[in-house]
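Residue numbers (the working numbering), protein chains in the order written: chain E, 96 to 382; chain A, 204 to 588.
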């Protein structure tokens, strides 16, 4: 009984690593650039296909291909910013949303066009390896994903709070015009932030390709959950992403294990959490 | 210029009055592997039909639309095919949820449907009174008879007694789950776990943890190809020790055979490319010639048989009159890669094609799908534990 409970907590915790990785990129885009990127899930999907492509075409292991995918997506994110996002930054929010929603549809359909709707799986030698933790066991890929997510998030926080680039990012996030007045190249900061957000999505995509598969719709679920996480954390609040991911991952695992028919309900958890968070905030605001 | 216009006019005239078949398939979404396999089957059949003179003296035309494995996308696509493209017959159909959603428009437009998939019992209920609904795929209860028969064999020969069931929460997985559990219990099995999951979510950690605590001999799952790898991964990673992992997705992920995670997992198929039947060997040869490879997905030959039998029925009827074509299609008696195709009553519909006798159980062994049950078709003994 206790073993099942501990294994459930462990499952939830490990799942939250992937959620945190996807959500941190989205939080960066929302928090620094100030744009709600509806195509973030599709950026994850592109990362998954890059991983699959590198493995099948060149035989590159996904973990080794991870920096390549991140670099490619950084460049892709930068290009997307330059060509599209930059031009709607001062436009009404609806225009921004329509733009990123359009990007999402475009990317998904391009993937369908080039790769078809098939599920692409990766055959990695460590796919079935498990690490025993006493009576419990953890899949090596999931553990690696969790550790990598923790390291990358720690790195991201370090950059944000201990480097001049991070200070510039936080300054731009707080006051764009004020930052420009004190000499910060706001456009460059936006480009870097959006590029890093895209690279984080790619890293998540690579890990998802190992844990699950690559398909044109693989990013959709993770994109939705990332929205739930940044709503819980507070829009643009990067430090809140980690605990919100853990809350979502562990809640889902507990519902799956202890609620009868919980497997069907677990995906409703994030809607419930969004609802509770928003209602709670509005009550607090009213007082 | 005048020559070109004349050629265009002649080409248009040659196609005027051609029989048109609308094909609705999941080319994207959870059932896309089946949908794409079926698309190839239709293209192969179309080539053969038109090489042999077409239908009613004209080349047969097919219009393929993607239903996205989603009712919301399927209904407008169906209505477009019927009302804008004005197809004479509808074919295709893989997902049960999609097909249930189509039952309304099908009644509204009195559409002739030669349907290849959609095995869930609610589909049978939805089309029970439809005089133009021909269903080729065995219903879920036929599938289940085949599965139960194999599990009983495992009980006799290997002592398998405890079953864990994981099923997706759509109509494909959920319909009839209570009957499934009752039938297992009646056959003397202990159903130690019954858990539902959301297809495509990939989050099987808690289900596998619960299964580990329940100690099943057989882990039986009903879902789609998107669930195969995440579930197999989780089972291996958590070290769930089961006698047999058995899944019944309509199709498996592309290249799953070559993935070490698939090793010893078993499943159900209406057809395997290694089938010794002549019609099957002919199909495999024609498929290889056209596409340069061999498919393992049974929806490819099923779609092929679907269009071939429909075209033959229209030719025999001598017109596209629905009643005449239905009467001729009902008389079908043709050799197919699955064995003989005839239509007879099922529990609720008038025209049911294949039934339980066509199922084969296979196991992923040495990078291939190897038939293991029924014993008379087995190429190697089933590997248990």
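Here a beta-carbon is modelled for each residue, glycine too, at the ideal position from N, C-alpha and C.
Per the Cβ contact rule, the stretch 492 to 502 of chain A is not in contact with the stretch 363 to 377 of chain A (fewer than 3 Cβ pairs under 8 Å). Proximity of chain A to residue 306/E at the Cβ level (cut-off 8 Å) is accounted for by 405, 433, 436, in chain order. Between residue 325/E and residue 121/E, the C-beta gap is smaller than 8 Å, which places the two residues in contact. In this chain, the alpha helix (DSSP H) harbouring residue 140/E covers 135 to 153. Shown here, residue 566/A sits in a strand according to DSSP, grouped into three states. Residues of the same chain with a CB within less than 7 Å of the CB of residue 573/A, apart from the 5 flanking positions on each side, are 565, 566, 582, 583 in chain order. Of the residues assessed, residue 143/E falls on the buried side of the cut-off, its CB having 16 or more other CB atoms within 10 angstroms.
The Cβ-Cβ distance between residue 380/A and residue 398/A does not fall below 8 Å. Secondary structure remark: continuous alpha helix (DSSP H) runs of at least 4 residues inside the stretch 233 to 305 of chain E, in chain order: 235 to 257, 259 to 269, 271 to 276.
By the neighbour-count definition (other C-beta atoms within 10 Å, threshold 16), residue 301/E is a buried residue. A check of alpha carbon separations from residue 224/E across 579/A, 530/A, 442/A, 560/A identifies 442/A as the nearest. Residue 400/A belongs to the set of residues whose beta carbon lies under 8 Å from a beta carbon in chain E. Excluding residues up to 5 positions away in sequence, 437 lie with their Cβ nearer than 7 Å to the Cβ of residue 408/A in the same chain.
Looking at the backbone, the Cα of residue 448/A and that of residue 187/E are separated by about 54 Å.
Distance from the CA of residue 393/A to the CA of residue 356/A, rounded to the nearest whole angstrom, comes to 15 Å. Pairing residue 417/A with residue 395/A gives a Cβ-Cβ distance under 8 Å.
Secondary structure note for residue 472/A: its beta strand (DSSP E) is the uninterrupted segment 469 to 472. Contact between residue 191/E and residue 131/E holds, since their C-beta atoms are separated by about 7 Å, short of 8 Å. Taking 8 Å as the upper bound for CB-CB distance, residue 405/A and residue 217/E are not in contact here, some 13 Å apart.
Per DSSP, residue 557/A lies in no alpha helix (DSSP H) segment and is marked neither H nor E.
Residue 318/A has 295/A, 338/A as its beta-bridge partners, per DSSP. With a threshold of 16 other beta carbon atoms within 10 Å, residue 365/E meets it and is buried.
Residue 310/A and residue 516/A have their alpha carbons spaced roughly 22 Å apart. DSSP places residue 368/A inside the beta strand (DSSP E), whose first and last residues are 365 to 371.
Residue 447/A: member of the beta strand (DSSP E) spanning 447 to 450, first to last residue. In the DSSP assignment, residue 542/A forms a beta bridge with 539/A. In the displayed model, residue 337/E falls within a helix according to three-state DSSP. If the five residues before and after residue 543/A are omitted, its C-beta is found closer than 8 Å to the C-beta atoms of 536, 537, all from its own chain and listed in chain order. The C-alpha of residue 325/A is placed about 12 Å away from the C-alpha of residue 298/A. The shortest CA-to-CA distance from residue 244/E to any of 99/E, 138/E, 336/E is the one to 336/E. Counting only Cβ-Cβ distances below 8 Å, residue 458/A has contacts in chain E at 215, 216, 218, in chain order. Closer than 8 Å to the CB of residue 361/E there is at least one CB belonging to chain A.
Listed as beta-bridge partners of residue 231/E by DSSP are 228/E. Within the stretch 347 to 358 of chain E, those residues whose Cβ lies closer than 7 Å to any Cβ of chain A are, in chain order, 347, 348, 351, 352, 356, 358. Put simply, the CB of residue 340/E is far from chain A, with every gap to its CB atoms at 8 Å or more. Ranking 225/A, 296/A, 220/A, 230/A by CA distance to the CA of residue 310/E puts 230/A first.
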